[in-house]
Amino acid sequence: MNVVLLPGDGVGPEVMAEARKALDALELGIAWTDVPWGSAWWAEHGTMMPADAIDVLRGHDAILMGAVGDPAVPDDEALWGLILKIRQELDLWVNVRPARLLEGIPGPLAGRAPHDVDMVFVRENSEGEYAGVGGRVHRGFGHDVAIESSVFTRRGCERVIRYAFGMASARKGVLVNATKSNASRFGFPFWDEIVAEVGAEFPGVVVDRMLVDALSARLIRDPGSVDVVVASNLFGDILTDIAAALQGGMGMAASANLSPGGGVPALFEPVHGSAPDIAGRGIANPVGAIWSAALMLEQLGAGEGSRRLMDALETVCRRGPRTRDVGGTATTAEVGDAVVAALAAQP
Ligand code: ATP
Ligand code: MG
Numbered sequence: 415m416n417v418v419l420l421p422g423d424g425v426g427p428e429v430m431a432e433a434r435k436a437l438d439a440l441e442l443g444i445a446w447t448d449v450p451w452g453s454a455w456w457a458e459h460g461t462m463m464p465a466d467a468i469d470v471l472r473g474h475d476a477i478l479m480g481a482v483g484d485p486a487v488p489d490d491e492a493l494w495g496l497i498l499k500i501r502q503e504l505d506l507w508v509n510v511r512p513a514r515l516l517e518g519i520p521g522p523l524a525g526r527a528p529h530d531v532d533m534v535f536v537r538e539n540s541e542g543e544y545a546g547v548g549g550r551v552h553r554g555f556g557h558d559v560a561i562e563s564s565v566f567t568r569r570g571c572e573r574v575i576r577y578a579f580g581m582a583s584a585r586k587g588v589l590v591n592a593t594k595s596n597a598s599r600f601g602f603p604f605w606d607e608i609v610a611e612v613g614a615e616f617p618g619v620v621v622d623r624m625l626v627d628a629l630s631a632r633l634i635r636d637p638g639s640v641d642v643v644v645a646s647n648l649f650g651d652i653l654t655d656i657a658a659a660l661q662g663g664m665g666m667a668a669s670a671n672l673s674p675g676g677g678v679p680a681l682f683e684p685v686h687g688s689a690p691d692i693a694g695r696g697i698a699n700p701v702g703a704i705w706s707a708a709l710m711l712e713q714l715g716a717g718e719g720s721r722r723l724m725d726a727l728e729t730v731c732r733r734g735p736r737t738r739d740v741g742g743t744a745t746t747a748e749v750g751d752a753v754v755a756a757l758a759a760q761p
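Per my numbering: the sequence shown ends with 761, consecutive numbering throughout.
Structural data, given as C-alpha cells:
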C-alpha cells in the first residue's frame with residue numbers, strides 16, 4: 415500500500431503523527447510518501463501545492479490528510495488551491511462521514527446512551543451549492559450584486575444517491591433524504607426525482623424525506639431515529655458538523671472522500687480544521703485522525719487491520735486516556751501511544 419501523507423497545517427501534523435504511529439504498529443507494510451504542502455508551502459512558493467501535485471497523488475493508493483488552513487492564508491487559496499482542487503481533479507464525488515458516539519466519550523445530549531448516535535452521512539462532494547459558479551456584477555454602480563448558483567447534474571446526483579441507497583440497504587434499510595424542496599424551485603425537486611428513480615432499484619430501502627431544517631432539529635431531539643442520510647454538498651457540510659458535535663466534538667469526527675470505481679486514490683481526513691487556537695500545544699484530539707486511518711484501511715481492502723484499529727480506538731475511548739476536549743487531561747501523543755498499546759494487547 416502506497417500512501418501519501420499530507421499532514422498540512424496547525425494541529426494537522428500533530429494528529430497525523432499519531433495516525434501514522436497506529437498504522438505502522440499494525441505492520442501492514444505501508445510505504446509512505448510525505449508531502450509538505452499547505453500554508454508553509456504557500457508562504458514559500460505562492461501556491462498551496464506544486465504544479466504536478468495531482469500527478470503525484472495519482473501514483474498512490476490513498477491519501478491521508480491532516481488539515482489545511484492558516485489565518486495568514488486567504489480561504490480562497492486554501493480551499494480552491496488545495497482541498498477543492500484535489501476533490502475536483504480526482505473527482506472524489508462522495509464524502510462519507512460515520513458519526514458514532516463512542517462509549518466513554520461525553521456527548522452533549524444528557525442521558526443518552528451511546529447507541530443513540532450511530533449514523534452515516536453521505537454527502538455530495540463535487541457540485542451543488544459549492545460548484546463555484548457565479549460572479550460579482552454591477553460593481554461600482556451602486557448596484558453590487560453577487561450571484562452564486564447551485565449546479566445539480568443528473569450524473570452527479572445519481573451516483574451519490576445510488577451510493578447512499580447501497581449504504582442504507584447494507585445497514586437498516588432506511589435512507590433519510592435531506593433537501594429543501596419546498597423553498598428550492600429547481601435543484602432539490604430535481605434531486606428528489608432522482609431519489610425516486612434510483613429508489614426503484616432498491617425496493618428494500620424506505621426513503622424518509624426530510625426538509626433539512628426539520629432534520630437538524632430531529633438530529634438533536636432524536637438522533638437514534640436517524641441512520642443513513644444523503645444530502646447535497648452544503649447541507650451535508652452543515653449536518654455533519656451537527657453530527658460531529660453529537661459524537662463528542664470536532665476532534666472525534668472522521669471522513670472519507672471517495673470516487674467509487676474511479677481508479678483514483680481516495681482521500682481520508684479528520685473533519686476538523688487546523689485549529690490554530692490549540693496548535694503547537696500537543697493537546698489536539700487524534701481520534702478523528704486515527705478513525706480516518708481505519709476508514710482508509712477498510713477502503714484499501716485491509717478489513718482486518720481496520721477492525722483491529724477501530725477496536726483499539728474504542729478501547730482507549732472507553733478506558734482513557736482522553737484529551738481535554740472530551741473530558742480528559744491527556745496529550746495527543748499519550749492517546750496515540752495508548753492506541754498502539756491497545757493494538758499490542760489484542761489477542
Ligand atoms: P479551519 O479554518 O482550518 O477549518 P477553524 O478554527 O475554523 O479552522 P477547526 O480547526 O475545525 O476550525 O476548529 C474548530 C474548533 O474545534 C476550535 O476551537 C478547535 O480548537 C477545536 N478543534 C478542532 N480540532 C480539534 C481537535 N483535533 N482536538 C481538539 N479540539 C479541536
Ligand atoms: Mg473550520
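Note that CB positions come from ideal geometry on N, CA and C, so glycine has one too.
The structure displayed is predicted, hence computed values, not measured ones.
Per-residue burial, residue i [other beta carbons within 10 Å of its own, 16 or more giving buried]
i	result
Q760	exposed
G694	exposed
I634	exposed
E538	buried
P700	buried
V534	buried
E562	exposed
D627	exposed
E428	buried
R736	buried
V678	buried
T567	exposed
A597	exposed
L508	In the sequence on display, residue 508 carries Val and not Leu. V508 is buried by the Cβ-count criterion.
P617	exposed
N416	exposed
S639	exposed
D423	buried
T593	buried
E748	buried
A486	exposed
P522	exposed
P637	buried
R722	buried
E541	buried
R550	exposed
D388	With the chain running from 415 to 761 in the structure shown, residue 388 is simply not present.
A716	buried
E441	exposed
R569	exposed
Assumed close pair residue i, residue j - CB separation to whole angstroms, cut-off 8 Å
i	j	result
A670	L709	5 Å
S688	A481	4 Å
A436	I704	5 Å
H686	G665	6 Å
V510	V536	6 Å
L589	V621	5 Å
A476	L714	6 Å
V740	A756	17 Å between Cβ atoms; not a contact.
E432	G750	3 Å
G650	V619	Their Cβ separation, rounded to whole angstroms, is 19 Å, which puts G650 and V619 out of contact at 8 Å.
I656	I608	In fact, because the Cβ distance is near 25 Å, the residues do not count as touching under 8 Å.
L478	I500	The pair is not a contact, with the Cβ atoms about 13 Å apart (cut-off 8 Å).
A492	M462	6 Å
Helix, strand or coil at residue i according to DSSP, with G and I counted as helix
i	result
A628	helix
R736	coil
W494	helix
S669	strand
D489	helix
A445	strand
G638	helix
L723	helix
I692	coil
L523	coil
V482	coil
L419	strand
A476	strand
E458	helix
A584	helix
E562	strand
A513	strand
Boundaries (first-last residue) of the alpha helix (DSSP H) holding residue i
i	result
I656	647-660
V701	701-713
P427	426-439
L471	467-472
L757	746-758
Range of the contiguous beta strand (DSSP E) that encloses residue i
i	result
E538	532-538
A680	680-684
R550	542-551
8 Å Cβ cutoff, residue i in contact with chain B
i	result
D505	No chain B appears in the structure shown, which is made up of a single protein chain.
Complete runs of the beta strand (DSSP E) confined to the stretch 587-631 [at least 3 residues]: Every unbroken stretch of the beta strand (DSSP E) spanning 3 or more residues and falling wholly within the stretch 587-631 is given here in chain order: 588-593, 620-625.
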